[in-house]
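Here is the structure we will look at, set down as C-alpha coordinates.
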Amino acid sequence: MLGKAAWLRLSSRESKAVVSRTLSTVLSPNKDGSIPPFLQDLARLEEVHASVEESKGSLPREVELPSVNPTLRILELSWSNLTSFLHRHLKFSDIHPSQKAERVILWYHALSGRVMARPATDEDLLVLKMVVEGIAPEAVAAQGGLPVGAVDNALYRAGASGLLLMPRSRLRRDPEFFRSQNSIPELYLTSPSFTLQWHITQACDLHCKHCYDRSTRTPITFSSAVRILDELRLFCNSRHVIGAVSFTGGNPLLHPEFSEIYRAAAERGFALAILGNPAPRERIAELIEIHMPSFYQVSLEGLRDHNDAIRGHGHFDRVMMFLDVLRELGVSSMVMLTLTSENIGQVLTLAEVLRDKADVFHFSRLSKVGEGANLKLPDVRTYRAFLESYLDAACNNPVMGIKDNLINIIRRDRRNAPFGGCTGYGCGAAFNFITLLADGEVHACRKFPSPIGNIHRQGIANIYDSEQAQHYRLGSAECRSCMVRPVCGGCLASAYSHGLNVFVSKDPFCFQLKDSN
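Mapping of the sequence shown onto the numbering used here: position 333 corresponds to residue 1440, and the numbering continues sequentially without gaps.
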(Lines of atoms letter the chains of each structure in order from A and count residues from 1; the text may use other names and numbers.)
(Lines give C-alpha, C1' and ligand atoms only; values in the text may rest on other atoms or scores of the structure.)
Protein backbone atom coordinates (compact mmCIF):
# COMPACT_ATOMS: atom_id res chain seq x y z
CA MET A 1 0.00 0.00 0.00
CA LEU A 2 2.86 2.42 0.82
CA GLY A 3 5.27 1.20 -1.78
CA LYS A 4 8.33 -0.96 -1.27
CA ALA A 5 10.86 1.84 -0.76
CA ALA A 6 8.86 3.62 1.94
CA TRP A 7 8.12 0.35 3.72
CA LEU A 8 11.79 -0.70 3.77
CA ARG A 9 12.80 2.67 5.25
CA LEU A 10 10.25 2.25 8.03
CA SER A 11 10.86 -1.39 8.82
CA SER A 12 14.60 -1.79 8.45
CA ARG A 13 15.43 -1.12 12.09
CA GLU A 14 12.15 -1.47 13.94
CA SER A 15 10.03 -4.36 15.17
CA LYS A 16 6.67 -5.05 13.57
CA ALA A 17 4.88 -3.64 16.63
CA VAL A 18 6.83 -0.34 16.51
CA VAL A 19 6.30 0.05 12.77
CA SER A 20 2.57 -0.55 13.09
CA ARG A 21 2.33 1.84 16.04
CA THR A 22 4.12 4.52 14.04
CA LEU A 23 1.86 4.02 11.05
CA SER A 24 -1.29 4.10 13.18
CA THR A 25 -0.41 7.52 14.60
CA VAL A 26 1.09 9.38 11.64
CA LEU A 27 -0.75 8.10 8.59
CA SER A 28 -4.01 9.52 7.36
CA PRO A 29 -5.81 9.18 4.04
CA ASN A 30 -4.62 11.56 1.32
CA LYS A 31 -6.44 13.11 -1.60
CA ASP A 32 -4.82 11.08 -4.35
CA GLY A 33 -5.90 7.81 -2.72
CA SER A 34 -2.40 6.37 -2.44
CA ILE A 35 -2.97 5.83 1.28
CA PRO A 36 -6.21 3.83 1.78
CA PRO A 37 -8.62 5.28 4.36
CA PHE A 38 -8.57 2.07 6.43
CA LEU A 39 -4.78 1.95 6.76
CA GLN A 40 -4.68 3.42 10.27
CA ASP A 41 -7.07 0.74 11.52
CA LEU A 42 -5.09 -1.96 9.75
CA ALA A 43 -1.88 -0.68 11.35
CA ARG A 44 -3.53 -0.81 14.80
CA LEU A 45 -4.67 -4.37 14.07
CA GLU A 46 -1.16 -5.45 13.05
CA GLU A 47 0.31 -3.74 16.13
CA VAL A 48 -1.99 -5.71 18.44
CA HIS A 49 -1.34 -8.90 16.45
CA ALA A 50 2.40 -8.47 17.04
CA SER A 51 1.92 -7.75 20.75
CA VAL A 52 -0.18 -10.91 21.16
CA GLU A 53 2.56 -12.92 19.50
CA GLU A 54 5.07 -11.47 21.94
CA SER A 55 2.83 -12.25 24.96
CA LYS A 56 2.49 -15.99 24.30
CA GLY A 57 4.84 -16.77 27.16
CA SER A 58 2.14 -15.66 29.61
CA LEU A 59 0.02 -18.75 29.00
CA PRO A 60 -0.16 -21.00 32.09
CA ARG A 61 0.45 -24.72 31.72
CA GLU A 62 -2.78 -25.65 33.51
CA VAL A 63 -5.83 -23.97 35.02
CA GLU A 64 -8.20 -25.20 37.72
CA LEU A 65 -11.28 -23.44 36.33
CA PRO A 66 -12.30 -22.12 32.89
CA SER A 67 -10.29 -18.93 32.40
CA VAL A 68 -9.95 -16.21 29.80
CA ASN A 69 -6.83 -16.64 27.69
CA PRO A 70 -4.43 -14.03 29.13
CA THR A 71 -3.18 -13.11 25.66
CA LEU A 72 -6.68 -12.04 24.59
CA ARG A 73 -7.02 -8.54 23.15
CA ILE A 74 -10.24 -6.84 22.05
CA LEU A 75 -9.93 -4.12 19.46
CA GLU A 76 -12.61 -1.66 18.32
CA LEU A 77 -12.16 -0.74 14.66
CA SER A 78 -13.97 1.69 12.38
CA TRP A 79 -13.55 -0.65 9.41
CA SER A 80 -14.65 -4.26 9.01
CA ASN A 81 -13.08 -7.23 7.25
CA LEU A 82 -9.55 -6.10 8.06
CA THR A 83 -8.63 -9.44 9.67
CA SER A 84 -8.66 -10.89 6.15
CA PHE A 85 -5.36 -9.09 5.51
CA LEU A 86 -3.76 -11.35 8.14
CA HIS A 87 -4.53 -14.44 6.08
CA ARG A 88 -1.50 -14.68 3.83
CA HIS A 89 -3.19 -17.03 1.37
CA LEU A 90 -5.66 -14.33 0.31
CA LYS A 91 -4.87 -11.94 -2.51
CA PHE A 92 -4.94 -8.23 -1.71
CA SER A 93 -7.33 -7.64 -4.59
CA ASP A 94 -9.82 -10.13 -3.10
CA ILE A 95 -10.16 -8.25 0.23
CA HIS A 96 -12.76 -5.50 0.42
CA PRO A 97 -12.84 -3.54 3.70
CA SER A 98 -16.09 -1.83 4.58
CA GLN A 99 -16.51 1.38 6.57
CA LYS A 100 -18.48 -0.25 9.32
CA ALA A 101 -17.50 -0.53 12.99
CA GLU A 102 -16.29 -3.95 14.04
CA ARG A 103 -15.05 -5.49 17.28
CA VAL A 104 -12.10 -7.82 16.71
CA ILE A 105 -10.60 -10.35 19.11
CA LEU A 106 -7.04 -11.62 18.96
CA TRP A 107 -5.35 -14.33 21.07
CA TYR A 108 -2.55 -16.82 20.94
CA HIS A 109 -3.66 -20.43 20.43
CA ALA A 110 -1.04 -22.71 21.96
CA LEU A 111 -2.11 -25.89 20.16
CA SER A 112 -1.86 -24.36 16.69
CA GLY A 113 1.11 -22.20 17.63
CA ARG A 114 -0.29 -19.07 16.02
CA VAL A 115 -2.21 -15.89 16.72
CA MET A 116 -5.93 -16.09 16.04
CA ALA A 117 -7.80 -12.98 14.88
CA ARG A 118 -11.43 -12.62 13.88
CA PRO A 119 -14.51 -10.50 14.42
CA ALA A 120 -16.04 -11.16 17.83
CA THR A 121 -19.37 -13.01 17.78
CA ASP A 122 -22.19 -12.72 20.29
CA GLU A 123 -21.23 -16.20 21.50
CA ASP A 124 -17.63 -15.09 22.10
CA LEU A 125 -18.77 -12.15 24.18
CA LEU A 126 -21.26 -14.28 26.10
CA VAL A 127 -18.72 -16.90 27.19
CA LEU A 128 -16.22 -14.21 28.12
CA LYS A 129 -18.84 -12.51 30.28
CA MET A 130 -19.81 -15.83 31.89
CA VAL A 131 -16.24 -16.66 32.83
CA VAL A 132 -15.23 -13.18 33.99
CA GLU A 133 -18.36 -12.70 36.10
CA GLY A 134 -18.69 -16.32 37.23
CA ILE A 135 -22.17 -16.81 35.78
CA ALA A 136 -23.36 -20.44 35.79
CA PRO A 137 -24.54 -22.03 32.50
CA GLU A 138 -27.87 -22.85 34.16
CA ALA A 139 -28.50 -19.16 34.87
CA VAL A 140 -27.63 -18.12 31.31
CA ALA A 141 -29.86 -20.85 29.89
CA ALA A 142 -32.79 -19.86 32.10
CA GLN A 143 -32.46 -16.17 31.28
CA GLY A 144 -32.08 -16.72 27.55
CA GLY A 145 -34.65 -19.52 27.23
CA LEU A 146 -31.95 -21.87 25.92
CA PRO A 147 -31.22 -25.55 26.54
CA VAL A 148 -28.42 -25.71 29.08
CA GLY A 149 -26.50 -27.97 26.71
CA ALA A 150 -26.29 -25.14 24.19
CA VAL A 151 -24.52 -22.99 26.78
CA ASP A 152 -22.21 -25.85 27.81
CA ASN A 153 -21.26 -26.42 24.19
CA ALA A 154 -20.54 -22.71 23.68
CA LEU A 155 -18.00 -22.98 26.50
CA TYR A 156 -16.52 -26.13 24.96
CA ARG A 157 -16.17 -24.41 21.58
CA ALA A 158 -14.44 -21.44 23.18
CA GLY A 159 -12.07 -23.84 24.90
CA ALA A 160 -11.35 -25.71 21.68
CA SER A 161 -10.54 -22.43 19.90
CA GLY A 162 -8.21 -21.38 22.72
CA LEU A 163 -10.26 -18.28 23.55
CA LEU A 164 -10.79 -19.85 26.97
CA LEU A 165 -8.31 -21.99 28.85
CA MET A 166 -10.05 -25.11 30.15
CA PRO A 167 -8.99 -27.45 32.95
CA ARG A 168 -7.48 -30.73 31.84
CA SER A 169 -9.73 -33.78 31.78
CA ARG A 170 -9.81 -35.64 35.06
CA LEU A 171 -10.25 -38.94 33.24
CA ARG A 172 -6.59 -39.91 33.37
CA ARG A 173 -4.97 -43.30 33.49
CA ASP A 174 -3.31 -44.23 36.78
CA PRO A 175 0.37 -43.33 36.16
CA GLU A 176 1.48 -46.15 38.44
CA PHE A 177 0.15 -48.70 35.94
CA PHE A 178 -0.02 -46.76 32.66
CA ARG A 179 2.97 -44.94 31.27
CA SER A 180 3.71 -43.47 27.89
CA GLN A 181 6.31 -45.90 26.62
CA ASN A 182 8.52 -45.57 23.55
CA SER A 183 6.30 -44.32 20.73
CA ILE A 184 2.99 -44.25 22.67
CA PRO A 185 2.04 -40.55 22.96
CA GLU A 186 0.79 -39.08 26.25
CA LEU A 187 -2.52 -38.20 24.58
CA TYR A 188 -3.61 -41.83 24.92
CA LEU A 189 -3.55 -41.56 28.72
CA THR A 190 -6.16 -38.82 29.16
CA SER A 191 -9.63 -38.88 27.62
CA PRO A 192 -11.38 -35.59 26.76
CA SER A 193 -14.79 -37.32 26.51
CA PHE A 194 -16.99 -39.80 28.34
CA THR A 195 -19.67 -42.02 26.78
CA LEU A 196 -22.69 -43.60 28.39
CA GLN A 197 -23.68 -46.67 26.39
CA TRP A 198 -27.33 -46.82 27.36
CA HIS A 199 -29.46 -49.91 26.81
CA ILE A 200 -32.77 -48.20 27.43
CA THR A 201 -34.90 -51.26 26.57
CA GLN A 202 -34.55 -54.98 26.00
CA ALA A 203 -37.30 -54.92 23.38
CA CYS A 204 -36.00 -56.01 19.98
CA ASP A 205 -37.49 -56.90 16.61
CA LEU A 206 -34.71 -59.44 15.98
CA HIS A 207 -33.54 -62.58 17.76
CA CYS A 208 -29.89 -62.96 16.79
CA LYS A 209 -28.02 -66.18 17.43
CA HIS A 210 -25.19 -64.40 19.26
CA CYS A 211 -27.27 -62.04 21.42
CA TYR A 212 -25.54 -61.19 24.71
CA ASP A 213 -28.68 -60.79 26.78
CA ARG A 214 -32.31 -61.78 26.20
CA SER A 215 -33.29 -61.33 29.86
CA THR A 216 -36.36 -59.36 30.84
CA ARG A 217 -35.60 -55.93 32.24
CA THR A 218 -37.99 -53.08 32.92
CA PRO A 219 -37.40 -50.26 30.40
CA ILE A 220 -36.29 -46.92 31.79
CA THR A 221 -39.05 -44.36 32.41
CA PHE A 222 -38.84 -40.84 31.04
CA SER A 223 -38.61 -39.21 34.46
CA SER A 224 -35.78 -41.53 35.50
CA ALA A 225 -34.05 -40.92 32.18
CA VAL A 226 -34.09 -37.14 32.72
CA ARG A 227 -32.63 -37.54 36.20
CA ILE A 228 -29.85 -39.75 34.82
CA LEU A 229 -29.11 -37.29 32.01
CA ASP A 230 -28.83 -34.42 34.50
CA GLU A 231 -26.52 -36.52 36.63
CA LEU A 232 -24.41 -37.42 33.59
CA ARG A 233 -24.08 -33.74 32.69
CA LEU A 234 -22.88 -32.86 36.19
CA PHE A 235 -20.43 -35.78 36.14
CA CYS A 236 -18.95 -34.70 32.80
CA ASN A 237 -18.68 -31.06 33.90
CA SER A 238 -16.98 -32.04 37.15
CA ARG A 239 -14.46 -34.19 35.25
CA HIS A 240 -14.01 -31.51 32.54
CA VAL A 241 -14.96 -33.82 29.67
CA ILE A 242 -17.43 -33.73 26.81
CA GLY A 243 -20.36 -36.10 27.31
CA ALA A 244 -21.81 -38.52 24.79
CA VAL A 245 -24.72 -40.97 24.86
CA SER A 246 -24.97 -44.03 22.64
CA PHE A 247 -28.55 -45.27 22.69
CA THR A 248 -28.96 -48.98 22.21
CA GLY A 249 -30.99 -51.93 23.47
CA GLY A 250 -32.54 -54.22 22.32
CA ASN A 251 -33.63 -51.78 19.70
CA PRO A 252 -33.73 -48.31 21.32
CA LEU A 253 -36.31 -47.04 18.84
CA LEU A 254 -38.81 -49.52 20.30
CA HIS A 255 -38.81 -47.71 23.64
CA PRO A 256 -42.23 -45.99 23.84
CA GLU A 257 -40.66 -42.67 24.88
CA PHE A 258 -37.47 -42.81 22.86
CA SER A 259 -38.05 -39.50 21.05
CA GLU A 260 -38.64 -37.71 24.34
CA ILE A 261 -35.51 -39.22 25.93
CA TYR A 262 -33.48 -38.46 22.80
CA ARG A 263 -34.67 -34.83 22.89
CA ALA A 264 -33.82 -34.50 26.59
CA ALA A 265 -30.30 -35.79 25.89
CA ALA A 266 -29.89 -33.34 23.00
CA GLU A 267 -31.02 -30.44 25.19
CA ARG A 268 -28.22 -31.25 27.62
CA GLY A 269 -25.64 -30.91 24.89
CA PHE A 270 -24.50 -34.52 24.57
CA ALA A 271 -23.18 -36.00 21.36
CA LEU A 272 -25.74 -38.66 20.45
CA ALA A 273 -25.44 -41.95 18.59
CA ILE A 274 -27.95 -44.71 17.88
CA LEU A 275 -27.03 -48.40 17.82
CA GLY A 276 -30.13 -50.05 16.44
CA ASN A 277 -31.85 -51.78 13.54
CA PRO A 278 -33.15 -50.48 10.20
CA ALA A 279 -36.04 -48.07 10.65
CA PRO A 280 -38.49 -46.23 8.37
CA ARG A 281 -37.19 -43.10 6.68
CA GLU A 282 -39.83 -40.98 8.40
CA ARG A 283 -38.67 -42.14 11.83
CA ILE A 284 -35.07 -41.15 11.14
CA ALA A 285 -36.21 -37.79 9.75
CA GLU A 286 -38.08 -37.16 13.02
CA LEU A 287 -34.93 -37.78 15.02
CA ILE A 288 -32.85 -35.55 12.75
CA GLU A 289 -35.39 -32.79 13.35
CA ILE A 290 -34.64 -33.10 17.06
CA HIS A 291 -30.87 -33.53 16.72
CA MET A 292 -28.57 -34.96 14.05
CA PRO A 293 -26.99 -38.12 15.47
CA SER A 294 -23.21 -38.42 15.37
CA PHE A 295 -23.76 -41.78 13.68
CA TYR A 296 -26.29 -44.57 13.35
CA GLN A 297 -24.90 -48.08 13.75
CA VAL A 298 -26.44 -51.22 12.28
CA SER A 299 -25.07 -54.75 12.20
CA LEU A 300 -24.25 -57.27 9.52
CA GLU A 301 -22.73 -60.68 10.23
CA GLY A 302 -21.35 -61.42 6.78
CA LEU A 303 -22.74 -61.81 3.29
CA ARG A 304 -26.46 -62.29 2.69
CA ASP A 305 -26.93 -66.00 3.41
CA HIS A 306 -24.76 -66.11 6.53
CA ASN A 307 -26.08 -62.82 7.89
CA ASP A 308 -29.70 -63.85 7.47
CA ALA A 309 -29.00 -67.19 9.14
CA ILE A 310 -27.85 -65.19 12.20
CA ARG A 311 -30.23 -62.22 12.15
CA GLY A 312 -33.25 -63.41 10.24
CA HIS A 313 -34.46 -63.74 6.65
CA GLY A 314 -34.34 -60.53 4.64
CA HIS A 315 -32.22 -58.63 7.18
CA PHE A 316 -29.24 -58.15 4.84
CA ASP A 317 -31.32 -56.47 2.15
CA ARG A 318 -33.11 -54.28 4.70
CA VAL A 319 -29.77 -53.04 6.01
CA MET A 320 -28.53 -52.28 2.51
CA MET A 321 -31.62 -50.22 1.73
CA PHE A 322 -31.42 -48.50 5.10
CA LEU A 323 -27.82 -47.46 4.49
CA ASP A 324 -29.03 -45.68 1.35
CA VAL A 325 -31.66 -43.89 3.44
CA LEU A 326 -29.07 -42.75 5.98
CA ARG A 327 -26.85 -41.42 3.22
CA GLU A 328 -29.72 -39.55 1.58
CA LEU A 329 -30.58 -37.97 4.94
CA GLY A 330 -26.98 -37.02 5.65
CA VAL A 331 -26.57 -39.34 8.65
CA SER A 332 -23.16 -40.91 9.17
CA SER A 333 -23.50 -44.69 9.08
CA MET A 334 -21.52 -47.41 10.80
CA VAL A 335 -21.76 -51.14 10.18
CA MET A 336 -20.59 -53.53 12.90
CA LEU A 337 -19.80 -57.23 12.45
CA THR A 338 -19.36 -59.76 15.24
CA LEU A 339 -16.44 -61.93 14.18
CA THR A 340 -16.70 -65.73 14.48
CA SER A 341 -14.96 -68.70 12.91
CA GLU A 342 -17.88 -69.00 10.48
CA ASN A 343 -17.74 -65.48 9.02
CA ILE A 344 -14.05 -64.56 9.25
CA GLY A 345 -13.60 -65.46 5.58
CA GLN A 346 -16.41 -63.11 4.50
CA VAL A 347 -15.20 -59.90 6.16
CA LEU A 348 -13.01 -58.53 3.36
CA THR A 349 -15.64 -59.30 0.72
CA LEU A 350 -18.32 -57.59 2.81
CA ALA A 351 -16.05 -54.57 3.21
CA GLU A 352 -15.94 -54.24 -0.58
CA VAL A 353 -19.73 -54.48 -0.75
CA LEU A 354 -19.93 -51.66 1.81
CA ARG A 355 -17.32 -49.46 0.11
CA ASP A 356 -19.92 -47.12 -1.38
CA LYS A 357 -22.72 -47.91 1.08
CA ALA A 358 -21.47 -47.09 4.60
CA ASP A 359 -19.19 -44.50 6.12
CA VAL A 360 -17.40 -46.88 8.48
CA PHE A 361 -17.18 -50.66 8.80
CA HIS A 362 -15.90 -52.26 12.02
CA PHE A 363 -15.71 -55.74 13.46
CA SER A 364 -15.38 -57.01 17.01
CA ARG A 365 -14.70 -60.52 18.21
CA LEU A 366 -17.56 -62.65 19.46
CA SER A 367 -18.03 -62.66 23.21
CA LYS A 368 -19.16 -66.13 24.21
CA VAL A 369 -21.85 -65.03 26.65
CA GLY A 370 -25.60 -65.35 26.40
CA GLU A 371 -26.65 -67.01 23.18
CA GLY A 372 -23.21 -66.25 21.75
CA ALA A 373 -21.84 -69.14 23.80
CA ASN A 374 -23.18 -71.48 21.10
CA LEU A 375 -20.94 -70.00 18.38
CA LYS A 376 -17.23 -70.52 17.75
CA LEU A 377 -14.18 -68.28 17.51
CA PRO A 378 -11.21 -68.78 15.15
CA ASP A 379 -7.88 -69.96 16.53
CA VAL A 380 -5.15 -67.43 17.34
CA ARG A 381 -3.00 -68.17 14.27
CA THR A 382 -5.97 -67.75 11.92
CA TYR A 383 -6.97 -64.55 13.68
CA ARG A 384 -3.54 -62.96 13.39
CA ALA A 385 -3.37 -63.80 9.68
CA PHE A 386 -6.81 -62.25 9.28
CA LEU A 387 -5.70 -59.04 11.02
CA GLU A 388 -2.69 -58.80 8.71
CA SER A 389 -4.92 -59.17 5.66
CA TYR A 390 -7.48 -56.75 7.04
CA LEU A 391 -4.87 -54.03 7.59
CA ASP A 392 -3.52 -54.50 4.07
CA ALA A 393 -7.01 -54.26 2.57
CA ALA A 394 -7.85 -51.21 4.69
CA CYS A 395 -5.08 -49.27 2.95
CA ASN A 396 -7.20 -49.31 -0.22
CA ASN A 397 -10.72 -49.23 1.21
CA PRO A 398 -11.54 -46.07 3.20
CA VAL A 399 -14.67 -47.58 4.73
CA MET A 400 -12.64 -50.12 6.73
CA GLY A 401 -12.04 -48.90 10.26
CA ILE A 402 -9.55 -50.38 12.70
CA LYS A 403 -10.76 -51.13 16.21
CA ASP A 404 -9.36 -54.31 17.76
CA ASN A 405 -6.66 -53.47 20.31
CA LEU A 406 -4.39 -56.28 19.12
CA ILE A 407 -3.89 -54.48 15.82
CA ASN A 408 -1.46 -52.23 17.68
CA ILE A 409 0.94 -55.18 18.01
CA ILE A 410 1.03 -55.54 14.23
CA ARG A 411 1.37 -51.79 13.72
CA ARG A 412 4.32 -51.74 16.09
CA ASP A 413 5.94 -54.67 14.30
CA ARG A 414 5.44 -52.82 11.02
CA ARG A 415 6.95 -49.68 12.58
CA ASN A 416 3.68 -47.80 12.12
CA ALA A 417 2.39 -45.26 14.62
CA PRO A 418 -0.08 -46.64 17.16
CA PHE A 419 -3.80 -45.93 16.99
CA GLY A 420 -6.13 -45.54 19.95
CA GLY A 421 -7.49 -49.05 19.97
CA CYS A 422 -11.05 -50.09 20.78
CA THR A 423 -12.21 -46.89 22.50
CA GLY A 424 -9.39 -44.52 21.60
CA TYR A 425 -7.58 -45.46 24.82
CA GLY A 426 -7.05 -49.17 24.45
CA CYS A 427 -9.63 -51.06 26.49
CA GLY A 428 -11.85 -48.27 27.79
CA ALA A 429 -13.93 -50.39 30.17
CA ALA A 430 -14.94 -48.14 33.10
CA PHE A 431 -12.48 -45.52 31.84
CA ASN A 432 -13.99 -43.40 29.09
CA PHE A 433 -17.29 -45.27 28.94
CA ILE A 434 -19.65 -47.31 31.06
CA THR A 435 -22.70 -49.36 30.12
CA LEU A 436 -26.08 -48.67 31.67
CA LEU A 437 -28.83 -51.29 31.39
CA ALA A 438 -32.53 -50.52 31.33
CA ASP A 439 -33.11 -51.43 34.98
CA GLY A 440 -30.21 -49.35 36.29
CA GLU A 441 -27.42 -51.96 36.39
CA VAL A 442 -24.08 -50.48 35.38
CA HIS A 443 -21.34 -52.58 33.78
CA ALA A 444 -17.76 -51.80 32.81
CA CYS A 445 -18.41 -53.38 29.39
CA ARG A 446 -21.60 -54.75 27.83
CA LYS A 447 -19.90 -57.66 26.09
CA PHE A 448 -19.54 -59.68 29.29
CA PRO A 449 -20.91 -59.56 32.85
CA SER A 450 -18.91 -56.80 34.54
CA PRO A 451 -21.20 -55.20 37.14
CA ILE A 452 -19.86 -52.14 38.93
CA GLY A 453 -23.02 -50.74 40.53
CA ASN A 454 -26.61 -49.60 40.17
CA ILE A 455 -27.25 -46.05 39.04
CA HIS A 456 -30.47 -45.69 41.06
CA ARG A 457 -28.69 -46.50 44.31
CA GLN A 458 -25.18 -45.09 43.85
CA GLY A 459 -25.09 -42.53 41.05
CA ILE A 460 -22.58 -42.20 38.22
CA ALA A 461 -19.77 -40.49 40.14
CA ASN A 462 -19.78 -43.00 43.00
CA ILE A 463 -19.86 -45.92 40.58
CA TYR A 464 -17.04 -44.50 38.46
CA ASP A 465 -14.87 -43.90 41.53
CA SER A 466 -15.62 -47.30 43.07
CA GLU A 467 -12.96 -49.91 43.75
CA GLN A 468 -14.66 -52.35 41.39
CA ALA A 469 -14.60 -49.88 38.49
CA GLN A 470 -10.94 -49.22 39.22
CA HIS A 471 -10.18 -52.94 38.86
CA TYR A 472 -11.67 -52.99 35.36
CA ARG A 473 -9.78 -49.82 34.41
CA LEU A 474 -6.49 -51.47 35.34
CA GLY A 475 -7.34 -54.55 33.30
CA SER A 476 -5.18 -57.64 33.21
CA ALA A 477 -2.11 -57.83 35.43
CA GLU A 478 -0.31 -59.77 32.67
CA CYS A 479 -0.63 -56.78 30.34
CA ARG A 480 0.93 -54.15 32.58
CA SER A 481 4.54 -54.52 31.45
CA CYS A 482 3.63 -54.59 27.76
CA MET A 483 5.02 -51.78 25.60
CA VAL A 484 1.70 -51.21 23.82
CA ARG A 485 -0.48 -51.42 26.96
CA PRO A 486 -1.67 -47.75 26.86
CA VAL A 487 -3.37 -48.41 23.50
CA CYS A 488 -4.22 -52.06 23.97
CA GLY A 489 -4.98 -54.17 27.02
CA GLY A 490 -6.50 -56.84 24.80
CA CYS A 491 -10.19 -57.60 25.26
CA LEU A 492 -11.53 -58.41 28.72
CA ALA A 493 -14.60 -60.01 27.17
CA SER A 494 -12.32 -62.38 25.24
CA ALA A 495 -10.59 -63.46 28.44
CA TYR A 496 -13.96 -63.97 30.12
CA SER A 497 -15.20 -66.02 27.14
CA HIS A 498 -12.34 -68.45 27.71
CA GLY A 499 -13.04 -68.85 31.41
CA LEU A 500 -10.08 -66.71 32.52
CA ASN A 501 -9.81 -64.21 35.35
CA VAL A 502 -10.01 -60.86 33.52
CA PHE A 503 -8.04 -59.09 36.26
CA VAL A 504 -5.13 -61.53 36.00
CA SER A 505 -4.96 -63.17 32.57
CA LYS A 506 -4.39 -61.40 29.29
CA ASP A 507 -6.52 -61.75 26.19
CA PRO A 508 -5.96 -65.35 24.99
CA PHE A 509 -5.79 -64.08 21.40
CA CYS A 510 -2.78 -61.89 22.21
CA PHE A 511 0.19 -62.81 20.00
CA GLN A 512 2.65 -60.44 21.66
CA LEU A 513 5.96 -62.22 22.20
CA LYS A 514 7.21 -62.21 25.78
CA ASP A 515 10.65 -60.97 24.78
CA SER A 516 8.97 -57.93 23.17
CA ASN A 517 7.43 -56.79 26.45
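The C-beta atom is built at its ideal place from N, Cα and C for all residues, glycine as well.
Taking residue i as the reference, give the member of the options with the closest Cα.
{"i": "residue 1511", "options": "1231, 1469, 1336", "result": "1469"}
{"i": "residue 1153", "options": "1175, 1163, 1273, 1193", "result": "1193"}
{"i": "residue 1409", "options": "1423, 1400, 1402, 1473", "result": "1423"}
{"i": "residue 1359", "options": "1327, 1561, 1378, 1283", "result": "1327"}
{"i": "residue 1239", "options": "1558, 1552, 1262, 1385", "result": "1262"}
{"i": "residue 1317", "options": "1282, 1393, 1250, 1419", "result": "1419"}
{"i": "residue 1612", "options": "1597, 1467, 1583, 1587", "result": "1583"}
{"i": "residue 1319", "options": "1518, 1546, 1484, 1478", "result": "1478"}
{"i": "residue 1430", "options": "1462, 1412, 1445", "result": "1462"}
{"i": "residue 1275", "options": "1255, 1292, 1298, 1286", "result": "1298"}
{"i": "residue 1079", "options": "1169, 1520, 1617, 1163", "result": "The chain is shown only over 1108 to 1624; residue 1079 falls outside these bounds and no answer can be derived."}
{"i": "residue 1312", "options": "1280, 1206, 1425, 1257", "result": "1425"}
{"i": "residue 1271", "options": "1233, 1403, 1296", "result": "1233"}
When DSSP labels each residue in this structure, what does residue i get in the three-state scheme?
{"i": "residue 1183", "result": "strand"}
{"i": "residue 1247", "result": "helix"}
{"i": "residue 1619", "result": "coil"}
{"i": "residue 1268", "result": "helix"}
{"i": "residue 1228", "result": "coil"}
{"i": "residue 1338", "result": "helix"}
{"i": "residue 1256", "result": "helix"}
{"i": "residue 1624", "result": "Low confidence applies here, because residue 1624 scores a pLDDT of 41, under 50, leaving its location unreliable and the question unanswered by this model."}
{"i": "residue 1309", "result": "coil"}
{"i": "residue 1537", "result": "coil"}
{"i": "residue 1386", "result": "coil"}
{"i": "residue 1449", "result": "coil"}
{"i": "residue 1427", "result": "helix"}
{"i": "residue 1410", "result": "coil"}
{"i": "residue 1543", "result": "strand"}
{"i": "residue 1509", "result": "coil"}
{"i": "residue 1325", "result": "coil"}
{"i": "residue 1276", "result": "coil"}
{"i": "residue 1297", "result": "strand"}
Using a Cβ-Cβ cut-off of 6 Å (strictly less than) and excluding sequence neighbours within five positions of residue i, which residues of its own chain qualify?
{"i": "residue 1355", "result": "1306, 1382"}
{"i": "residue 1342", "result": "1567, 1568"}
{"i": "residue 1609", "result": "1599, 1602, 1603"}
{"i": "residue 1264", "result": "none"}
{"i": "residue 1581", "result": "1284"}
{"i": "residue 1550", "result": "1542, 1557, 1558"}
When the Cα atoms are used, what is the spatial distance from residue i to residue j?
{"i": "residue 1495", "j": "residue 1527", "result": "18 Å"}
{"i": "residue 1476", "j": "residue 1601", "result": "10 Å"}
{"i": "residue 1503", "j": "residue 1217", "result": "35 Å"}
{"i": "residue 1269", "j": "residue 1220", "result": "11 Å"}
{"i": "residue 1576", "j": "residue 1301", "result": "15 Å"}
{"i": "residue 1215", "j": "residue 1362", "result": "48 Å"}
{"i": "residue 1142", "j": "residue 1149", "result": "12 Å"}
{"i": "residue 1401", "j": "residue 1536", "result": "21 Å"}
{"i": "residue 1375", "j": "residue 1448", "result": "42 Å"}
{"i": "residue 1437", "j": "residue 1248", "result": "29 Å"}
{"i": "residue 1385", "j": "residue 1507", "result": "21 Å"}
{"i": "residue 1333", "j": "residue 1445", "result": "32 Å"}
{"i": "residue 1624", "j": "residue 1590", "result": "With a pLDDT of only 41 at residue 1624, under the threshold of 50, the placement of this residue in the model should not be trusted, and no figure is reported."}
{"i": "residue 1474", "j": "residue 1433", "result": "29 Å"}
{"i": "residue 1178", "j": "residue 1457", "result": "52 Å"}
{"i": "residue 1542", "j": "residue 1554", "result": "10 Å"}
{"i": "residue 1172", "j": "residue 1531", "result": "26 Å"}
{"i": "residue 1460", "j": "residue 1441", "result": "14 Å"}
Since residue i is in the beta strand (DSSP E), which residue starts that stretch and which ends it?
{"i": "residue 1561", "result": "1558-1561"}
{"i": "residue 1304", "result": "1300-1306"}
{"i": "residue 1161", "result": "Looking at the DSSP string, residue 1161 is not in any beta strand (DSSP E); the run it does join, the alpha helix (DSSP H), is 1146-1161."}
{"i": "residue 1355", "result": "1349-1355"}
{"i": "residue 1213", "result": "1209-1216"}
{"i": "residue 1548", "result": "1548-1550"}
Looking only at its chain, what residues have a beta carbon closer than 7 Å to the beta carbon of residue i, apart from the 5 residues adjacent to it on each side?
{"i": "residue 1339", "result": "1303, 1350, 1567"}
{"i": "residue 1622", "result": "Because residue 1622 sits at a pLDDT of 42, beneath the cut-off of 50, its placement in the model cannot be relied upon, and the point is left open."}
Excluding five sequence neighbours on each side, which residues of the same chain lie with their C-beta closer than 8 Å to the C-beta of residue i?
{"i": "residue 1242", "result": "1236"}
{"i": "residue 1111", "result": "none"}
{"i": "residue 1455", "result": "1496, 1497, 1500"}
{"i": "residue 1397", "result": "1366, 1369, 1370, 1373"}
{"i": "residue 1203", "result": "1188"}
{"i": "residue 1573", "result": "1559, 1560, 1565"}
Looking at the unbroken alpha helix (DSSP H) that takes in residue i, where does it start and where does it end?
{"i": "residue 1517", "result": "1514-1520"}
{"i": "residue 1467", "result": "Where residue 1467 is concerned, there is no enclosing alpha helix (DSSP H), although the beta strand (DSSP E) it sits in stretches over 1467-1472."}
{"i": "residue 1609", "result": "Where residue 1609 is concerned, there is no enclosing alpha helix (DSSP H), given that its DSSP letter is neither H nor E."}
{"i": "residue 1569", "result": "1567-1571"}
{"i": "residue 1524", "result": "Note, residue 1524: premise wrong, no alpha helix (DSSP H); not H, not E."}
{"i": "residue 1575", "result": "1574-1581"}
{"i": "residue 1365", "result": "1365-1374"}
{"i": "residue 1500", "result": "1487-1501"}
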